[in-house]
Every structure is written in C-alpha cells, then in structure tokens.
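Chains G and V supply the protein sequences, listed in that same order.
Using the numbering used here, the first residue of the first sequence is number 258, and each one after it goes up by one.
Using the numbering used here, the first residue of the second sequence is number 56, and each one after it goes up by one.
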Amino acid sequence: METHAHEATHTAEHTHEHHHHEHPSQSFIEKYVFSMDHKIISKQFLFTAMFMAFAAAIMSVLFRLQLAWPGQQSSVMHYFLGDRWAKNGILDPNMYLGLVTIHGTIMVFFLLTGGLSGTFANLLIPLQVGARDMASPMMNMLSYWFFFISSLIMFISLFIETGPASAGWTIYPPLSALPQAIPGSGAGMTLWLTSIALFVVSSLLGGLNYIVTVVNLRTIGMKMTRLPLTIWALLITAILGVLSFPVLFGAAILLIFDRSFGTSFYLSDIYIGGQALSQTGGSPILFEHLFWFLGHPEVYIVIMPAFGLMSEIISINARKPIFGYRAMIGSMLSIAFLAFIVWGHHMFVSGMNPFLGSVFVFTTLLIAIPSAVKAFNYITTLWKGSITFNTQLLFVVGAVSTFISGGLTGIILADSALDVAVHGTYFVVAHFHIVMGLSAVLAMFGGVYHWFPKMFGRMMNKKLGYWHFWLTFICAYGVFLPMHFLGLAGVPRRYYTNDAYAPWAKLQDINIIVTCFAIVGVLAQIIFFVNFFYSMSKGTKSGQNPWEANTLEWTTPIVPGHGNWPGDLPVVHRWAYDYSKPGKKTDFVPQTVPMEEGELDEGEHS
Amino acid sequence: MMKLLGYIAIGLIIVLLFQLMRIYQLSSEIKGKNIGVADEKDNRSQGRGMMLFAIGFFVFLIWLIVRFKNDMLPVAASDVGKISDNLFMFNWVIIFIVFFLTTFMLFYFAYKYHKSAKNPTAYFYPHNDKLELIWTVVPSIALAVIIIYGLSLWGKMTGKPSDNALNIQLYAKQFDFTVRYSGADNKLGVTNYKMIDDATNPLGMDSADKSTWDDIVVHGEMHIPVGREVNIQCNARDVMHGMYFPHFRDQINCVPGMSTYLHFVPTITTDSMKLITHDTAYQYILICNRVCGSGHYNMFLKVVVDTKEQFQKWLATKTPQFDAISKRHGGVTVSMK
C-alpha cells in the first residue's frame, strides 16, 4: 500500500511536470473561470457562498422586521420586495413563507454544505495531504460549475411571478406538490427541485473526489494517523454526503413525478380547491423518511468540517496538541455512523409507529456521547495552553460555546415525550440555529481568517477581525437565546405574525429584541466584507508561516502555483500536532521535520 | 434621484473605509507592528473579553428567565402533561449544571491561559485515557437515565387509550379545524373524501354507515370534559397540518390519506385555569403547527375543557349532521357504550 501510493504520487508528479511544459501560460478563462486548480475552485466556492449567504441574511432581516413589527409599513421592505410582494411596504404572507424557505435552503445547502465543504475541502485536502491537486481536477471543476448553476437557479426563483418555493426548506408534500395549496408550489418549486437536483450532482462529484484524494494521494509518510483532523473531518463529511445525497435526489425525483406526471408516491385522498384529486395510496410520510435520511446526515455534513477547522485552529493557537487526537477521530467516526440511524427524531409527530420513535430516541441520545467527548477535548486543549488570540481563535472558541449551548437543548428534543411539547416551535429554531448554524458559521469564519494568507498571500486586519467577531458573536446569542422562551410559550415557527393568540402578546418584546440583534448582526458582516475584499488586494503581505503551524500547506510558496510545490512533494515524518513539545527549540515542529532518535510519534499513541 | 444619491453615498462610504484601512495599515507598518497576528496586548485584551462575555452571557440568560418566566405556558392541563413537566424539570437541572460548568471552563481557560510573559509556553498534554474514559462514561449514565425516564412517558402517551375514552375526530383543512363527536355509540362513522361537499357534508361522512348518523360536527370550537380520556382521530383534507395542544403538552400531524391518533386526560377545566393564570379571558388553544399555506398563522381552534355536566349540556344543544336520515329510520338504534 505504502509503496503503491508512493508510485502513484510519482506518476502524478511526472504527468504534471509534463503538463506544465506543454502549457506554459494559461488564458484568463482557463486560469480563473474554468480553472481546474483546486485553490481557484475553492475561492470560487467561497465567493459564491458568500454572495448567497449575504442574500439569505438580508432575507432573514426582512422576515424578522415583519415578526417584530407585524403589518407595519416599511420602506426597507418595499425597497427589496417592490409592489408585488410588499404592497405599501407590508410583507405579503406568501412571500414571508418564501423568504423563510429560501433563507433556510441557502443557509443549509449553499452556505454550510457547498460553501463550507467546497471551500475548505478544495483548499485543504491537496495542500494538507501533500498532493499536487485533486484526484480528478476535471470533476472538481464540474462540481463547482454545477454548484454555480444550482445557486443561480435558486437565486432566480426569487424573482418569478408566482414567487419562490414556500413550503419550508423541508418541502413536505402535499403542500410542495400542489400549486392550488400555495402559489410558491408552482414554478417556484419546480426551480427549487431543479436547483437541488443539480446541487446533489455537484456534491457527489466533489465528495467522490475528496474521498479518492485523501485515500490515494497522500504524500510519502502521511499515514492516516498523521493526518490533520481537518482532513479526517472532511473525509468523513464526504463519505456521509456520498451515501446520503442520492436519497434526497430520489425523493426529489418522486416529488417531480407527483407534481408533473400524476403519480401518487406522496399523495392520497386529497380534496382541494373544490375537487377531489384522483391520487390514492401514496404517503407523505414516505417523503419525510426519504428527506430526513439525507436531512439528518446533512446536519453532520454541516458540522463535521467545522469540527475539523475548530480542532486545527484551537490547537495551533493554544500552542498545544489537540487533546485526544484518536478520541477525536473515533468520536467523528461514531457520530458519522450514528448520523444514519437517527433521522426519525425529526418525525416524532409525523404519525409513524411510536415504537420506531423509541428506537430513534435511543440512537439520538447516543450521539450526545461522542459530541460531549469532542466538547470536553476542545476545553482541555485550551487548558494550560499559551493562547494567542488571533481572530480565528476567537471565532472557534465561540463555535465551541454554541456547540455546547445548542447541543444541550438537543437533549430535550431528542426525547420524544418532550419533543411533542415543543416540536415545531421557536425552541427548535433556537436549538438548530445555535448548534449547527452558528457553530458551523463561526468555525467557517475562523477558517477564512486562518487560511486567508494561504488563499491570497496577505493578512486580514486583526482589529477589524475582533470587531467582527464580538459583534457577530454577541448578536448571534442575542438572536437565538431569547427564541427558546418563545418556544417554551408554545409559539410555532413559520407564523407570519404571533399576535393571534392573546397570551403571546406579552412576548412581543422578545421578537423586538431578536430583530434588533439580527439587524446589528447582519450589518456587522459589512466589517468582514470590507476587511476581506480590502485585504485580498491591499493587505499586508503574509509571511511563509504566519501562524507558526505544523501542517504541509505552510511549506508551499506563500502563493502556491498550480501544482502547489515547485520541487518534489514534501515528505512527512510526524503527526500535525507537535506544539510545545518538550525538548524542542521552537514551540512548533512542522510535519516535514524528521523524528529524532527515540522520539515518540504521538499520532500513533494519542 | 434619491435612490441614485443613496447608491453614490454607499459607494463613497466604501471608498472611504478602504482609504482608512490603507492609512491604518501604512502607519502600523511604519511602526513595525503586524496588523495580522495577535500581539501580547491583543492576547490580554481579548482574553479579558472572553471572561467579560461569559459573565454577560450568564447575566443575559438569567435576566431572560426572570423577565419572561411568567409568560411561559402555565402548568400542564393533562395527565401526560404533568409527567412531561416533571421530565422537563429533570432535564433542565442536568442541562443547566453542564451548561454553566462547561461554558465557564471554556471562557475561563481561554482567559486564564492567554499567552503572556508569565505564560510563554504551553503544557504538552496530548491525551489522558483515564480522563477520556470518565467523560465518556459519566454522560452515558446520565443519558441512560434520561432515556428510560423519557421512554416510560412516551409509552404512556402513545399506548392504547382506555376503553371508555371519548372518541373525537379533528379534521384539518386550509385554514381551520372541524370537530366531530362520535355521538351515543362513541364510534366515528366512515368517511370518504370523494363525498366531501363544503355546504352539506364538509367531512365527507358516508351515510351508508349507520354509525355516522349520530355523529355531531362542530365548527369554531372544541369542548372536552375534564377527567375523561379523549381519544382524538386526526385527519387532513388537503395538505399536512399540525395538531398542537401546547397546554396538554402533546402534538401530532394530520396527514392526508391516513389517520393519526392522540389521547390524553384533561385535568384542569378552562374555568380553573382562568383562576390559576389570574386571567379571566384565558383560553386553551389548538394550533396548526405544520406550515400549510398563506393562512397558516391564523389556523387556530378554541379549546374549552368543561366539567362533565357542562359538556353534556353543551353537546345536547348540537344536532347530528344526519339527524334527518336517522329520524327517517325511526331514530338511531345503536347500543350505548
């Protein structure tokens, strides 16, 4: 195996050299648009995701304005939505649902799946395993362009006459199947399904590539037990995606058939718009099973890369090895395994067999154990560290905090008997935004600050970074902590106003607090954008290894060209976490430094 | 014109910000400061920030609890709801202990171990098997208790209803709920969605089935008697709807094409709840909790828990939908349950 990999690498190297001689210069289009260089593709994913996420963030401000001051005229609303959807500046109830749906879809799929994995798997896998590029650069390029078209279609669906898909991001039929039920289930839903089908294609092309690259293209000496945890995390994420996304594809295809060709996979005994439909025998619960068979692994597809980034950044900035390297890998593997057998906890109220529900309670609560191990290991890594407060560390400590806070409320929702008391309320909204949304977004910001020098050869401004972090972090909790209380008062999510039931009127203050924090939180992202785009072209030049890290990406030239290393590929001699190792001159020992005699390889033993 | 000016203003602000950053960067570079990597001063100030945040975070949480605790749902008004409230409390105790401890440790360690002249190097501590074993086993035990406690309640909630439970149907459509009482035979008659007629037969009851004859259809409110188990059959006509009783701590979806069931014993009458909440207008409510269209947010049903006598009296004022048919056949001859 070892020799085989060795040979493969050499052949790849050889072909590559050959390639270079043939095409000494590339045109602009080859280099920046239809690029096959993983670093460029990574940036393409990042830019697309940033655009989509900003759009989704503005959507959230619009529906938050409605929830805080229901039915009040707002010029902001009118500016964004026009006469069609905000007549006199008052949000249309159908558009409210459309905004909620597209906000969720973009954040889950386009930012936290495509954006997060796409950016960091592409950037880090070849650089950290010591490869010239992905196993198949062509597939990698296609993966981005499918993602781009998919994003484009999703974005365009906002502007069509009947409005975007509005059945919630989970698009449960029959609501999503029947245009009679809601206008958004017309052309908007068709575009949604098309977009997601393309997204699945992108995700599979990318995922297969990531797996093959990690398995086959590791450089000499890069044993699995020496891989940085980022790579472990991205590898496990890709496996999850490859196994679960096809099921979403299947679910979408069946829904397309029900919508357009009169089949009844999900439809049965429906009377709508004054007439009885002919479909019988289908089951909407089938859709829920198929959807959540992807949908649950999906949340781990979101959080797992974040775990990887968090491990790496905490360790580097605490100047300590990550605590329990092997336990971290083990917990990620067990989370990934369990991720496939917990989907039913989204369906406690669906009407499925209650015994099945009990099984899902059991498996779901099991997942708390490896998650707890991860949280404890992060905290222990900080303990007795010598912590450098670079911006990325702040973001990652924030991510650990949100992972703990959001994870703990999950214990309530995992318990079917308690879930039925708060299912579908703001308690759930608060829970999943904190545990998966915030943790992943904060970790992703951390990743951007940390690897920005590798992407652009320049540093981001730390002072602006600090402002960005504190405003984002405080606002994030300001938005989602109070939401728990709405949920405990029984306020359902996806309600256009909360004023129909008298006792909820007393909670309107919460809605106002939440909206104010949301507005400030979104505005704070302008700091990030300014910092990002300024530093990209004008920032201080980065040094060779600005964070004094051990991993291979810092052994390339500051701005690596196509092929990453100008000469031979680096050879790895140790794990990635020899920080502050006793007896060493510096507090970091890059992976390329040979072991001294009698030195212990911690990756083998931790 | 105003719009154009607005865009120009935004453009100028961005240019200004870029220029300010440029000046800041150049002046730092002249002073030999690195604007990308944290220095000792940053470590100190950001470390303090971590500690301040932890304090602010806890204060905010406690303020929220104090400020809004009386606006949460009142005491549970059903048999399963009471157990649910206890289970909630049990979970909250565990959650809050873990939350305060781990959150405090996280931010305190970040603050305490910031890099400084006093703390220039980290302690090389890659693993400790004993520690890892402890924090795998202890959560496992806590979770085992939570699972067992939770599943025992789940079993009660979803088990068979008692034989004398009152059978009711809740029928959901965009955007209201209709209630059907099973009448003297305590049996809900057969329905067929193809027989639906909004004016005369909104639930599509099939008069060929005699047990529909005494079924009473009620719009606009739902009355149930205190102390007797209600067994609710849930159906939907067009899309999925959610049937959420926040006060009884129970919920299930209404799904087109199939029936789902929910049962509980209401334990507090509406009148008693008015006293408990010191609110003379207090009402129980049934909420649609599965997004179902543009009117979703207005899909409610008033729920009234009566004493047994009040309930009988109220029901007696209603006429079965097929009263005429049943009278034609000389009244319903079904056995009383």
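Glycine included, C-beta positions come from ideal geometry on N, C-alpha and C.
Residue i at chain V interface by Cβ criterion, 8 Å
i: G/Pro436; result: no
i: G/Glu810; result: no
i: G/Gly229; result: Only positions 258 to 863 of chain G appear in the structure, and residue 229 of chain G is not among them; the question remains open.
i: G/Met716; result: yes
i: G/Thr341; result: The question names Thr, but residue 341 of chain G in the sequence shown is Arg. Not one chain V Cβ lies under 8 Å of G/Arg341.
i: G/Gly464; result: no
i: G/Arg751; result: yes
i: G/Asp672; result: yes
i: G/Asn351; result: yes
i: G/Lys719; result: yes
i: G/Asp825; result: no
i: G/Val787; result: yes
Reference residue i; option with closest CA among the options
i: G/Val677; options: V/Asn98, V/Lys58, V/Leu142 and V/Ala93; result: V/Leu142
i: V/Ala227; options: V/Tyr248, V/Gly282 and V/Asn219; result: V/Tyr248
i: G/Tyr836; options: G/Asp825, G/Ile815, G/Met852 and G/Glu805; result: G/Glu805
i: V/Val114; options: V/Pro216, V/Phe159 and V/Gly275; result: V/Phe159
i: V/Val245; options: V/Pro280, V/Ile202, V/Asn308 and V/Ser314; result: V/Ser314
i: V/Met127; options: G/Thr843, G/Ala781 and G/Pro739; result: G/Pro739
i: V/Asn290; options: V/Pro311, V/Gln80, V/Gly282 and V/Ile342; result: V/Pro311
i: G/Thr902; options: G/Ala833, G/Gly538 and G/Lys841; result: The question about residue 902 of chain G has no answer, for chain G in this structure spans 258 to 863.
i: G/Trp426; options: G/His360, G/Ser452, G/Gln323 and G/Gly387; result: G/His360
i: G/Ile527; options: V/Gly259, V/Val121, V/Gly205 and V/Ile69; result: V/Gly259
Test item: CB-CB of residue i and residue j under 8 Å
i: G/Leu448; j: G/Ser414; result: yes
i: V/Asn174; j: G/Ser591; result: no
i: G/Pro430; j: G/Phe506; result: no
i: V/Val135; j: V/Arg383; result: no
i: G/Gly498; j: G/Ser460; result: yes
i: V/Ser28; j: G/Leu675; result: It is not possible to answer for residue 28 of chain V, since the shown part of chain V is limited to 56 through 392.
i: V/Asp361; j: V/His278; result: yes
i: G/Arg751; j: G/Val685; result: no
i: V/Tyr316; j: V/Asn286; result: yes
i: G/Met561; j: G/Met589; result: yes
i: G/Ile488; j: G/Leu381; result: yes
i: G/Ile661; j: V/Phe154; result: yes
i: V/Tyr339; j: V/Ala132; result: yes
i: G/Val692; j: G/Gly655; result: no
i: G/Leu356; j: G/Met316; result: yes
i: V/Glu284; j: V/Leu221; result: yes
i: G/Thr638; j: G/Ser572; result: yes
i: G/Ile680; j: G/Phe605; result: Checking the sequence, you will find His at residue 680 of chain G rather than Ile. A contact, by the Cβ cut-off of 8 Å.
CB contact below 8 Å: residue i versus chain G
i: V/Ile342; result: yes
i: V/Thr322; result: no
i: V/Gly91; result: yes
i: V/Phe319; result: no
i: V/Ala379; result: no
i: V/Tyr62; result: no
i: V/Pro175; result: yes
i: V/Phe355; result: yes
i: V/Ala336; result: yes
i: V/Phe155; result: no
i: V/Asn222; result: no
i: V/Thr374; result: no
Worksheet item: What are the complete beta strand (DSSP E) segments, minimum 3 residues, inside the region 208 to 262 of chain V?
Response: 221 to 228 and 231 to 236
Worksheet item: Between the region 543 to 553 of chain G and the region 579 to 590 of chain G, are three or more C-beta pairs nearer than 8 Å?
Response: no
Worksheet item: Three or more C-beta pairs closer than 8 Å, one from the region 392 to 410 of chain G and one from the region 507 to 514 of chain G: is that the case here?
Response: no
Discussion item. Counting beta carbon pairs with one atom in the region 774 to 781 of chain G and one in the region 711 to 729 of chain G, are three or more of them shorter than 8 Å?
Written reply: yes
Practice prompt. Evaluate the contact criterion for the region 713 to 726 of chain G versus the region 322 to 334 of chain V: three or more CB pairs, one atom per stretch, below 8 Å.
Written response: no
Item to complete: Ignoring anything shorter than 4 residues or poking outside the region 349 to 412 of chain G, list the alpha helix (DSSP H) runs there in chain order.
Response: Given a length threshold of 4 residues, each whole run of the alpha helix (DSSP H) inside the region 349 to 412 of chain G is given here in chain order: 350 to 362 and 373 to 386.
Practice prompt. Would you list, in sequence order, the uninterrupted alpha helix (DSSP H) runs of no fewer than 4 residues that lie entirely inside the region 279 to 357 of chain V?
Written response: 325 to 331
Practice prompt. Would you be able to state if there are at least three C-beta pairs under 8 Å between the region 734 to 747 of chain G and the region 110 to 126 of chain V?
Written response: yes
Discussion item. Would you call the region 199 to 216 of chain V in contact with the region 263 to 275 of chain V, where contact means no fewer than 3 C-beta pairs closer than 8 Å?
Written reply: no
Practice prompt. Identify every run of the alpha helix (DSSP H) within the region 759 to 840 of chain G, keeping only runs that are complete inside it and at least 4 residues long; order them along the chain.
Written response: Counting only runs of 4 or more, we get 765 to 795.
Worksheet entry | Contained alpha helix (DSSP H) runs [length at least 4] in the region 93 to 156 of chain V, N- to C-terminal order | Runs of alpha helix (DSSP H) with 4 or more residues, each lying fully within the region 93 to 156 of chain V, are found at 95 to 123, listed in chain order.
Discussion item. For a minimum of 4 consecutive residues, which ranges assigned as the alpha helix (DSSP H) are wholly contained in the region 428 to 482 of chain G?
Written reply: 444 to 473
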